[in-house]
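Everything below concerns the one structure shown next.
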Amino acid sequence: MSNNSKIKIGGLQKLTLLDYPGKLAATVFLSGCNFRCPFCYSSELVLPEKIKNQPKISEKEFFAFLKERKGMLEGVVICGGEPTINKQLPQFCQKIKKLGFLVKLDTNGSNPRMLKKLINEKLVDYVAMDIKAPLGINFQFSISNFQKNSKSQIPKYEIATGVKAETDKIKESIKLIKNSDVDYEFRTTVVPGIHQKEDILQIARDISPAKKYFLQNFRLEKNIDPNFEKVNPYPQEFLLEIQKAISPFFDVCQVR
Numbered sequence: 546m547s548n549n550s551k552i553k554i555g556g557l558q559k560l561t562l563l564d565y566p567g568k569l570a571a572t573v574f575l576s577g578c579n580f581r582c583p584f585c586y587s588s589e590l591v592l593p594e595k596i597k598n599q600p601k602i603s604e605k606e607f608f609a610f611l612k613e614r615k616g617m618l619e620g621v622v623i624c625g626g627e628p629t630i631n632k633q634l635p636q637f638c639q640k641i642k643k644l645g646f647l648v649k650l651d652t653n654g655s656n657p658r659m660l661k662k663l664i665n666e667k668l669v670d671y672v673a674m675d676i677k678a679p680l681g682i683n684f685q686f687s688i689s690n691f692q693k694n695s696k697s698q699i700p701k702y703e704i705a706t707g708v709k710a711e712t713d714k715i716k717e718s719i720k721l722i723k724n725s726d727v728d729y730e731f732r733t734t735v736v737p738g739i740h741q742k743e744d745i746l747q748i749a750r751d752i753s754p755a756k757k758y759f760l761q762n763f764r765l766e767k768n769i770d771p772n773f774e775k776v777n778p779y780p781q782e783f784l785l786e787i788q789k790a791i792s793p794f795f796d797v798c799q800v801r
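Just so it is clear: in the sequence shown, position 176 is 721 by our numbering, and no numbers are missing.
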């Protein structure tokens with residue numbers, strides 16, 4: 546890979562027992578994202594003004610670390626931000642694979658072209674894709690604690706991502722992942738004020754049948770929209786109730 550690579554590493558977790566199912570792994574966080582999910586708690590990897598002030602790790606340092614961990618770690622999780630906005634991602638994955646590590650990619654599914662390249666060239670071994678909201682043409686009044694002055698109707702995916710997301714690309718990524726030989730999971734962070742029970746039921750219908758689907762509770766942790774720091778997560782019982790209802794659609798369906 547060229548020394549002029551534009552991959553920006555915003556963080557490194559040297560050991561995780563959770564991020565790569567069944568594997569000892571390290572997690573590398575790439576800076577930059579094309580979504581602005583208001584409930585996101587990784588603003589230092591998403592917002593340009595915060596990325597600028599975030600300490601960086603060079604690729605040289607990162608790969609030196611991986612070489613030291615050969616034989617100890619099994620895999621590397623690449624997350625963000627959104628990794629697939631980086632044109633150099635295939636080369637980055639290739640260098641990791643050449644060192645003998647498995648690669649897990651966390652993605653929002655907005656770049657099916659990049660995803661297809663990574664899968665076809667066998668540069669990823671596991672893909673975890675976030676499904677932010679139902680994929681149909683459904684609307685929600687944006688009159689809420691967070692948008693009191695707006696009376697327009699906004700598509701749910703736009704509310705959840707903070708941008709005019711191209712849901713056709715999201716659908717293409719879902720189909721691509723399901724039809725591949727790569728292990729995968731889908732997951733949704735369930736957020737009060739954005740998701741109701743019916744939304745999660747609809748997401749389940751949108752993506753099923755599928756191998757694995759996980760529900761994750763919203764976290765209060767320096768969210769991109771500070772209004773969400775005042776929002777209480779759903780009770781665990783609420784998520785378990787939904788999980789029970791949608792489990793028949795999937796081989797594995799769990800609350801994390």
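Idealized CB from N, CA, C, for every residue including glycine. Predicted model, so just to flag it, every value in this text is computed and none were measured.
By the criterion of at least three beta-carbon pairs nearer than 8 Å, the segment 649-665 is not in contact with the segment 599-617. Taking a contact as a CB-CB distance under 8 Å, the pair Val-800 and Phe-584 does not count as one, their CB atoms being some 17 Å apart. Contact check for Lys-701 against Ala-678 passes: the beta carbons are separated by less than 8 Å.
Along the segment 738-790, the beta strand (DSSP E) occurs as fully enclosed runs of 3 or more residues at 755-762, listed in sequence order. Taken through DSSP and simplified to helix, strand or coil, Ile-704 comes out as helix.
Separation of Ser-587 and Leu-562 (C-alpha to C-alpha, rounded to the nearest whole angstrom) is 20 Å.
Note on Glu-730: 16 or more other CB atoms within 10 angstroms of its CB, so buried under the neighbour-count rule.
One thing to note: Lys-553 has its Cβ within 8 Å of the Cβ of Leu-575.
Here the segment 790-798 makes contact with the segment 753-770; the two share three or more CB pairs at distances below 8 Å. Around Gly-577, the same chain offers Gly-626 and Ile-630 as residues with beta carbons nearer than 6 Å, after the five sequence neighbours per side are excluded. Cβ-Cβ distances below 6 Å link Lys-595 to Ser-588 and Glu-589 in the same chain, with the five nearest sequence neighbours on each side left out; the list follows chain order. Approximately 4 Å separates the beta-carbon atoms of Asp-564 and Val-622; this is inside 8 Å, confirming the contact.
An exposed status is given to Asn-724, since fewer than 16 other beta-carbon atoms sit within 10 Å of its beta-carbon.
Val-800 is bridged by DSSP to Leu-760. The bridge partners DSSP lists for Gly-556 are Phe-574. Assignment of Cys-585 by DSSP, reduced to helix, strand and coil, places it in the coil class. Between Lys-742 and Asn-777, the alpha-carbon positions lie close to 16 Å from each other. DSSP places Thr-652 in the uninterrupted beta strand (DSSP E) bounded by 647-652. In the displayed model, Met-617 falls within coil according to three-state DSSP, outside both helix and strand. If you check the CB distance, Ile-791 and Ile-752 do not come in under 8 Å.
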